[in-house]
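S.K.: One structure, as structure tokens, below. Some questions next.
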Amino acid sequence: MSAARGRFAPSPTGPLHLGSLIAAVASFLDAKARGGDWQVRIEDIDPLRSRQLHITSILNSLESHGLTWDGPIVYQSARITRYKAICNDLQSLGAVFACVCSRKDIRLASCLPCSRCDQPCRQSADVSWRFRVANREIHFTDRIQGFQSASLMPIVEEPVLLRRDGVFAYQLAVVVDDHDTGITDVVRGTDLLSETFAQQALYQVLQWAPPSFAHFPIIVDEQGQKLSKQSKAPPLDDRRVMQNLLFCMKFLGMGALADSSIGDDPGSLLRQAIAAWQPGALQGVRQLMAKPPTS
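In terms of the working numbering, the sequence shown is numbered consecutively and its last residue is 619.
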């Protein structure tokens with residue numbers, strides 16, 4: 325296995341858009357610049373939201389843009405048995421607790437503090453399982469955002485790991501997947517920076533060494549709204565490969581490369597970008613306003 329291994333992990337709930345392409349390009353450049361492998365993981369753990377046509381579209385878009393992955397694709401839907409085993413381990417450790425409370429209940433503080441007195445919840449068969457954060461102090465250094473510190477508080481920040489409908493949640497799956505596949509460097513947007521604290525706590529409980537983290541700025545519009553599926557971001561146009569990649573390069577701090585004349589070969593552009601990759605150029609930046617190309 326290479327010394328470094330990165331990954332891109334889209335959810336197949338829609339096609340890629342420019343924001344998700346930025347994430348793919350950033351993680352790809354970072355892994356390759358460190359002499360490592362780049363893995364693609366399809367986060368299709370929720371059967372009600374995942375679609376095969378979106379998986380096909382995502383993989384086609386990556387290939388069209390010259391983003392070739394190393395090794396087999398990992399599908400979360402094929403790893404349910406592994407998640408069950410880890411969840412059972414966490415139950416044995418007393419690191420999770422049964423809970424019937426909704427997010428609204430917790431937000432309105434109308435429920436009992438289940439993590440300290442969960443007997444009322446245990447009387448119901450219709451429960452989710454939450455991670456017991458136990459007033460943990462979490463510290464880590466992000467390669468782009470710098471030193472990060474937080475005190476995780478019970479109730480407010482105790483994430484669901486197994487939902488009432490039997491679907492394993494993102495927080496559990498992402499930690500297990502990154503550990504099992506040997507991911508050394510997680511490169512993703514700052515919209516996921518806050519999620520990293522609970523993930524770090526899970527690594528501690530499971531006694532696993534966490535990967536390093538680098539959170540690059542997210543793209544927002546003039547109103548400060550993140551470009552995302554929820555904001556109805558338009559799907560990536562695979563007919564505009566070079567324009568899309570040049571937009572990503574400029575957004576990621578490689579304006580000189582983006583302004584140069586590089587022809588129409590995505591592979592050549594990506595090789596130049598690997599050599600030019602300097603995530604430090606984005607140091608401390610949480611979001612950037614950028615208008616996607618229209619011509």
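Think of the CB as a built atom: it goes at the ideal place given N, C-alpha and C, for glycine as much as any other residue.
I need the boundaries of the alpha helix (DSSP H) containing residue 354, first residue and last residue.
M.R.: That run of the alpha helix (DSSP H) goes 342-357.
S.K.: Restricting to runs no shorter than 4 residues, where is the alpha helix (DSSP H) found entirely within the segment 362-416?
M.R.: Listed in chain order, they are 376-388, 404-416.
S.K.: Flag this pair as yes or no: are the beta carbons of residue 375 and residue 355 separated by less than 8 Å?
M.R.: No, the Cβ-Cβ distance between residue 375 and residue 355 is not below 8 Å.
S.K.: Which of helix, strand or coil does DSSP assign to residue 531?
M.R.: DSSP places residue 531 in coil when its eight states are reduced to three.
S.K.: Could you tell me which whole alpha helix (DSSP H) segments of length 4 or greater appear in the segment 533-606?
M.R.: Fully enclosed alpha helix (DSSP H) runs of 4 or longer: 565-575, 579-582, 590-600.
S.K.: Quick check: the segment 521-528 against the segment 496-504, are at least 3 beta-carbon pairs closer than 8 Å?
M.R.: The answer is yes - the segment 521-528 touches the segment 496-504, with three or more Cβ pairs under 8 Å.
S.K.: Just to confirm, are residue 588 and residue 573 a CB contact at a threshold of 8 Å?
M.R.: Cβ atoms of residue 588 and residue 573: not closer than 8 Å.
S.K.: With DSSP run on the structure shown, which of helix, strand or coil describes residue 514?
M.R.: Looking at residue 514 - three-state DSSP - the assignment turns out to be helix.
S.K.: CA-CA distance, residue 616 and residue 562?
M.R.: Approximately 14 Å, taken between the alpha carbons.
S.K.: Please classify residue 499: does DSSP put it in a helix, a strand, or coil?
M.R.: Three-state result, residue 499: helix.
S.K.: DSSP on residue 469, reduced to helix/strand/coil?
M.R.: Reduced to three states, the DSSP call for residue 469 is coil.
S.K.: Mark residue 378 as exposed unless 16 or more other C-beta atoms lie within 10 angstroms of its C-beta, in which case mark it buried.
M.R.: It is buried - the Cβ of residue 378 has at least 16 other Cβ atoms within 10 Å.
S.K.: Of all Cβ atoms in chain D, is any one closer than 8 Å to the Cβ of residue 406?
M.R.: No chain D appears in this structure, which consists of one protein chain only.
S.K.: Buried or exposed: residue 387, going by 16 or more other Cβ atoms within 10 Å of its Cβ?
M.R.: By the 10 Å Cβ count, residue 387 comes out exposed.
S.K.: I'd like the list of long-range same chain contacts for residue 343, defined as Cβ closer than 8 Å, with 5 residues on each side in sequence excluded.
M.R.: So the list reads 513, 542, 543, 550, 551, 552, 557, once near-sequence residues are dropped.
S.K.: Kindly identify the DSSP beta-bridge partner or partners of residue 420.
M.R.: According to DSSP, which records beta bridges pairwise, residue 420 is partnered with 455.
S.K.: According to DSSP, what are the bridge partners of residue 612?
M.R.: Looking at the DSSP assignment, residue 612 forms a beta bridge with 543.
S.K.: Nearest by alpha-carbon distance to residue 592: which of 362, 327, 389, 348 is it?
M.R.: Nearest C-alpha to residue 592: 389.
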